[in-house]
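Asker: Quick mapping for you: the protein sequence lines, in order, are chains R and F. My numbering puts the first residue of the first sequence at 1, with every later residue one more than the last. My numbering puts the first residue of the second sequence at 1001, with every later residue one more than the last. The beta-carbon is built from N, C-alpha and C at its ideal position, and this holds for glycine as well. My questions will all concern the structure given below.
There are 2 protein chains.
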Amino acid sequence: MADTLNNLLDHAEAGMRERGYHAVSFRDLADELGIKSASVHYYFRKKEDLGIAVIERYSNTFFQQLEEDSKDAPTSAQKLAAFCNVYKHALEENNRICLCAMLGAESHGLTSELASRLQQFFNDNINWVASALPDTLSAQERIDKATQIVATLQGAMVIANTLGDTQILTTAADQLLHSEGAL
Amino acid sequence: MADTLNNLLDHAEAGMRERGYHAVSFRDLADELGIKSASVHYYFRKKEDLGIAVIERYSNTFFQQLEEDSKDAPTSAQKLAAFCNVYKHALEENNRICLCAMLGAESHGLTSELASRLQQFFNDNINWVASALPDTLSAQERIDKATQIVATLQGAMVIANTLGDTQILTTAADQLLHSEGAL
DNA sequence: CCAAACCTATCTAGCGATAGATAAATCACG
DNA sequence: CGTGATTTATCTATCGCTAGATAGGTTTGG
């Protein structure tokens, strides 16, 4: 059933974002859904397959949300605000950090396939922000600034989560948007 | 022997910074040192004890290094440069992210004792930077800016590590130090 | 000074729990 | 009936952790 599959992805994503890839087990997932662990293997033959599916869905949802939130945002400042909002939303909605902040930290302990998906996510993030920056900047300047912005949001998320204070991310985003150097 | 203990801390820290807390096992540590896992338990009765010892040593070394690098740095800009350098050093030296960036991400899957040690580390970081900022800023402004700086470095570290490009952290640090808003 | 007592560092062996994974049987339903 | 979904039952490997033993060093008391 599509329901079981989505529930599996939901619980796996939640667990990975809360405690990390290695702390999510087939047995726990099965228990949470009231099914057997073998049934989880029916949907995802290997754990790597589960990881790939979670990253893929997360990334798709992320950029879909981003497109929607920024479609009526003509200026650079508005696009950046939309970008920050997606991050804030991700943290505040369910009190969990970005999936890729977590898996990115763990990336050296993951399969190369998973690691390359994470690289893709970060590169896509940076490129999205870079293309939202004003074209008065050079291509390299935009990339550098975009990287800076993504790094700040990712780091602020981890610190906010560790300190149990989501306001930290909000303050960081505000400073990014209001500093002279940001545009 | 103090040798075994230090070797254990070295390997545990390396493993935790590379792959995370859960991916470090007593057996692997023992194999790496050519001893038995029971002997690791002789030094650290529980895994939590090992985690605490690793965080404690890491934090001490970090702030010791910071004091040394900044003792001849009178200005805010010089102190911030010293701070960034400790981060760059940590990443470039052994190609691994900050211990607390990794464990901070995982913090919800750790014991509360470990989590509170991580909070301490981040708070100490933020307070150190805040007190290095010019006192023309208000206390709150300094905390906010300090948080921003620590978040950027932590996030840049994770992204640099995932993308396999340590230059990303260097560029992020340079932008922090040279932006008008930084001082 | 020497022997008994104790400590340090390590080992062998194994516990119960859990990990990811698989094959074969069963169920549900169009 | 047959296909898709799920279970039962199991495997191998590893996890953190502990008990009990041992060889070698250190301390201490008669």
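Please report the straight-line C-alpha distance between F/His1108 and F/Ile1149, rounded to a whole angstrom.
Answerer: Looking up residue 1108 of chain F in the second sequence gives position 108. Looking up residue 1149 of chain F in the second sequence gives position 149. Distance between the alpha carbons of F/His1108 and F/Ile1149: 23 Å.
Asker: Any C-beta of chain F within less than 9 Å: which residues of the stretch 151 to 167 of chain R qualify?
Answerer: Taking 9 Å as the cut-off between beta carbons, the residues of the stretch 151 to 167 of chain R near chain F are Ala151, Thr152, Leu153, Gln154, Gly155, Ala156, Met157, Val158, Ile159, Ala160, Asn161, Thr162, Leu163 and Gly164, in sequence order.
Asker: So, with DSSP's three-state summary, where would you put F/Ala1130?
Answerer: Locating residue 1130 of chain F in the second sequence gives position 130, counting from the first residue. In the three-state DSSP reduction, F/Ala1130 falls in the helix class (H, G or I).
Asker: By alpha-carbon positions, which one of F/Leu1005, F/Leu1033 and F/Ala1160 ends up nearest to F/Ile1097?
Answerer: Along the second sequence, one-based indexing puts residue 1097 of chain F at 97. With distances taken between Cα atoms, F/Ile1097 lies closest to F/Ala1160.
Asker: Does DSSP classify R/Ser39 as helix, strand or coil?
Answerer: Counting from one through the first sequence, the residue named residue 39 of chain R turns up at place 39. Helix, per DSSP.
Asker: When you compare the CB of F/Glu1113 with every CB in chain R, is at least one pair closer than 7 Å?
Answerer: To locate residue 1113 of chain F, count along the second sequence from 1; it is residue 113. Chain R, which has no Cβ nearer than 7 Å to the Cβ of F/Glu1113, makes this no.
Asker: Please return the same chain residues whose Cβ sits closer than 7 Å to the Cβ of F/Ser1039, not counting the five positions on each side in sequence.
Answerer: One-based indexing of the second sequence puts residue 1039 of chain F at position 39. Around F/Ser1039: Ala1030.
Asker: Using DSSP with H/G/I as helix, E/B as strand and the rest coil, what is R/Phe44?
Answerer: Working through the first sequence from its first residue, we reach residue 44 of chain R at position 44. Looking at R/Phe44 - three-state DSSP - the assignment turns out to be coil, as it is neither helix nor strand.
Asker: Who are the neighbours of R/His11 on chain F, taking C-beta pairs under 8 Å?
Answerer: Taking the first sequence and counting its residues from 1, the one referred to as residue 11 of chain R is at position 11. Residues of chain F passing the Cβ test: none, with the nearest at roughly 15 Å.
Asker: Whole angstroms is fine: what's the gap from F/Gln1175's alpha carbon to F/Ala1156's?
Answerer: For this step, residue 1175 of chain F is matched to residue 175 along the second sequence. For this step, residue 1156 of chain F is matched to residue 156 along the second sequence. Cα to Cα, the separation comes out at about 12 Å.
Asker: At the level of alpha carbons, what is the spacing between R/Ala23 and R/Leu9?
Answerer: The count along the first sequence starts at 1 and reaches residue 23 of chain R at position 23. The count along the first sequence starts at 1 and reaches residue 9 of chain R at position 9. Cα to Cα, the separation comes out at about 15 Å.
Asker: For F/Ala1115, which option in F/Val1129, F/Cys1100 and F/Trp1128 has the closest C-alpha, if you only look at C-alpha atoms?
Answerer: Reading the second sequence from its first residue, position 115 is the one you call residue 1115 of chain F. If we check each option's Cα against that of F/Ala1115, F/Cys1100 comes out closest.
Asker: With respect to the alpha helix (DSSP H) encompassing F/Lys1088, which residues constitute its N-terminal and C-terminal limits?
Answerer: The sequence position of residue 1088 of chain F within the second sequence is 88, counting from 1. Per DSSP, F/Lys1088 belongs to the alpha helix (DSSP H) from Ser1076 to Asn1094.
Asker: Can you check whether the C-beta of R/Gln175 is within less than 7 Å of a C-beta belonging to chain F?
Answerer: Taking the first sequence and counting its residues from 1, the one referred to as residue 175 of chain R is at position 175. Yes, its Cβ sits closer than 7 Å to a Cβ of chain F.
Asker: Tell me whether F/Glu1018 is buried or exposed, calling it buried when 16 or more other Cβ atoms sit within 10 Å of its Cβ.
Answerer: In the second sequence, counting from the first residue as 1, residue 1018 of chain F sits at position 18. It is buried - the Cβ of F/Glu1018 has at least 16 other Cβ atoms within 10 Å.
Asker: Please report the straight-line C-alpha distance between R/Asp144 and R/Leu33, rounded to a whole angstrom.
Answerer: Translated into positions along the first sequence, residue 144 of chain R becomes position 144. Translated into positions along the first sequence, residue 33 of chain R becomes position 33. Taking the straight line joining both Cα atoms gives about 44 Å.
Asker: Below 8 Å on C-beta distance, what does R/Thr136 contact in chain F?
Answerer: Sequence index remark: in the first sequence, residue 136 of chain R carries index 136 (1-based). Here the premise fails: no neighbours, minimum Cβ distance about 16 Å.
Asker: Measure the C-alpha to C-alpha separation of R/Leu50 and F/Asn1060 and round it to an integer number of angstroms.
Answerer: By 1-based counting over the first sequence, the position of residue 50 of chain R is 50. By 1-based counting over the second sequence, the position of residue 1060 of chain F is 60. Rounded to the nearest whole angstrom, the CA to CA distance from R/Leu50 to F/Asn1060 is 39 Å.
Asker: Nearest-angstrom Cα distance between R/Ala172 and R/Tyr42?
Answerer: Along the first sequence, read from residue 1 onward, the residue named residue 172 of chain R stands at position 172. Along the first sequence, read from residue 1 onward, the residue named residue 42 of chain R stands at position 42. The alpha-carbon atoms of R/Ala172 and R/Tyr42 are separated by roughly 43 Å.
Asker: Mind checking F/Asp1003: buried by the 16 CB within 10 Å criterion, or exposed?
Answerer: Numbered from 1 along the second sequence, position 3 holds the residue referred to as residue 1003 of chain F. With fewer than 16 other Cβ atoms within 10 Å, it is exposed.
Asker: With R/Glu92 and R/Thr162 assumed to form a contact (beta carbons below 8 Å), what rounded beta-carbon distance in angstroms separates them?
Answerer: Counting from one through the first sequence, the residue named residue 92 of chain R turns up at place 92. Counting from one through the first sequence, the residue named residue 162 of chain R turns up at place 162. Contact flag wrong, Cβ pair sits at about 16 Å.
Asker: Can you give me the C-alpha to C-alpha distance between R/Tyr87 and F/Ala1077, rounded to a whole angstrom?
Answerer: Taking the first sequence and counting its residues from 1, one reaches residue 87 of chain R at position 87. Taking the second sequence and counting its residues from 1, one reaches residue 1077 of chain F at position 77. Near 30 Å, if we compare the C-alpha coordinates of F/Ala1077 and R/Tyr87.
Asker: So for F/Ile1149, helix, strand or coil by DSSP?
Answerer: Walking along the second sequence from the start, residue 1149 of chain F turns up at place 149. In this structure, F/Ile1149 counts as helix in the three-state DSSP scheme.
Asker: Could you check what DSSP says for F/Thr1004 in three-state terms: helix, strand or coil?
Answerer: If you number the second sequence from 1, residue 1004 of chain F lands on position 4. Helix.
Asker: Which residue from R/Asp28, R/Ala151, R/Tyr21 and R/Lys47 puts its Cα closest to that of R/Ile126?
Answerer: Position 126 of the first sequence, counted from the start, is the residue given in the question as residue 126 of chain R. Of R/Asp28, R/Ala151, R/Tyr21 and R/Lys47, the smallest CA-CA separation from R/Ile126 is found for R/Ala151.
Asker: Express the C-alpha separation of R/Ala146 and R/Ala182 in angstroms, rounding to a whole number.
Answerer: Start at 1 with the first residue of the first sequence, and residue 182 of chain R comes out as number 182. Start at 1 with the first residue of the first sequence, and residue 146 of chain R comes out as number 146. Bear in mind that a pLDDT of 48 at R/Ala182, under 50, signals an unreliable position, so the number given afterwards is only what the model happens to contain. Looking at the two C-alpha atoms, the distance is approximately 9 Å.
Asker: Pick out whichever of F/Phe1062, F/Ala1082 and F/Phe1063 has its Cα sitting closest to the Cα of F/Ser1070.
Answerer: As a working note, residue 1070 of chain F is residue 70 in the second sequence. Here the closest residue by C-alpha is F/Ala1082.
Asker: List the whole-angstrom C-beta distance separating R/Ala90 from R/Val54, where the pair is believed to meet the contact cut-off of C-beta under 8 Å.
Answerer: Counting from one through the first sequence, the residue named residue 90 of chain R turns up at place 90. Counting from one through the first sequence, the residue named residue 54 of chain R turns up at place 54. Contact annotation, R/Ala90 with R/Val54: C-beta distance approximately 14 Å; criterion of less than 8 Å not satisfied.
Asker: Measuring only between beta-carbons, confirm whether F/Phe1122 sits less than 7 Å from chain R.
Answerer: Within the second sequence, numbered from 1, the residue matching residue 1122 of chain F stands at position 122. By this cut-off, F/Phe1122 is an interface position.
Asker: Check the Cβ of F/His1108 against every Cβ in chain R and list those closer than 7 Å, keeping chain order.
Answerer: Against the second sequence, residue 1108 of chain F aligns to sequence position 108. The answer, in chain order, is Glu18 and Arg19.
Asker: Helix, strand or coil: how does DSSP classify F/Leu1033 here?
Answerer: Within the second sequence, the letter at position 33 stands for residue 1033 of chain F. Correct three-state label for F/Leu1033: helix.
Asker: Can you find the residues in the same chain that come closer than 8 Å, C-beta to C-beta, to R/Ala14, ignoring five residues on each side of it along the sequence?
Answerer: On the first sequence, residue 14 of chain R is found 14 positions in, with the first residue counted as 1. Contacts found: Asn94 and Arg96.
Asker: Let's see if you can read the secondary structure: which residues bound the alpha helix (DSSP H) around F/Leu1110?
Answerer: As a first step, residue 1110 of chain F must be located in the second sequence, where it is residue number 110. Run containing F/Leu1110: none; DSSP gives neither H nor E here.
Asker: Against F/Gly1104, what residues of chain R qualify as contacts under a CB-to-CB distance less than 8 Å, listed in chain order?
Answerer: By 1-based counting over the second sequence, the position of residue 1104 of chain F is 104. What F/Gly1104 touches in chain R: Val158, Ile159, Asn161 and Thr162.
Asker: For the alpha helix (DSSP H) that F/Ala1172 lies in, which residues bound it at each end?
Answerer: One-based indexing of the second sequence puts residue 1172 of chain F at position 172. Counting along the chain, the alpha helix (DSSP H) containing F/Ala1172 begins and ends at Gln1167 to His1178.
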